[in-house]
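Last residue of the sequence shown? That's 119 in our numbering, and every number before it is there in order.
Input: a single structure, listed below in structure tokens.
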Amino acid sequence: MESKCNRIGMKVKKNLCISSQLFADDQVVIAGDVDVAAYLLRKLAEEYERWGISLNITKTEHLSQRIELKEK
Numbered sequence: 048m049e050s051k052c053n054r055i056g057m058k059v060k061k062n063l064c065i066s067s068q069l070f071a072d073d074q075v076v077i078a079g080d081v082d083v084a085a086y087l088l089r090k091l092a093e094e095y096e097r098w099g100i101s102l103n104i105t106k107t108e109h110l111s112q113r114i115e116l117k118e119k
């Protein structure tokens, strides 16, 4: 059975989806639409708060891209 990302993350292999990437002290959230992105950011902020880390909203950026991918 093939896994699906269901708007959260990006499919990179048959059974592998990624929804987040870490780069030093930066984090990238990957979502299929704005609602899912907002949900993931809320969950991230909650988890950061548990660890005493704050999300700096003034340094937060977003990129939106609409592309059509064909499944093989």
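All C-beta atoms in this analysis are idealised placements derived from N, C-alpha and C, irrespective of residue type, glycine included.
Computed from a predicted structure; not experimentally measured.
Exercise. Whose C-beta lies closer than 6 Å to the C-beta of Ala-92 among residues of the same chain, with five residues either side of it excluded?
Worked result: Residue 92 sits at position 45 when you count from the first residue of the sequence shown. Here the set comprises Leu-102.
Can you tell me whether Ala-78 is buried or exposed, with buried defined as 16 or more other CB within 10 angstroms of its CB? On the sequence shown, position 31 is the one that residue 78 refers to. By the 10 Å Cβ count, Ala-78 comes out buried.
**Study point:** Boundaries (first-last residue) of the alpha helix (DSSP H) holding Lys-90
**Key:** Here residue 90 refers to the residue found at position 43 when the sequence shown is read from its first residue. Segment 81-97, the alpha helix (DSSP H) holding Lys-90.
- Secondary structure at Ile-100, three-state DSSP: helix, strand or coil? On the sequence shown, residue 100 is found 53 positions in, with the first residue counted as 1. Of the three classes helix, strand and coil, the one that applies to Ile-100 here is coil, per DSSP.
> Helix, strand or coil: which one does DSSP assign to Lys-106?
Replying inline: Translated into the one-based positions of the sequence shown, residue 106 becomes position 59. It is helical.
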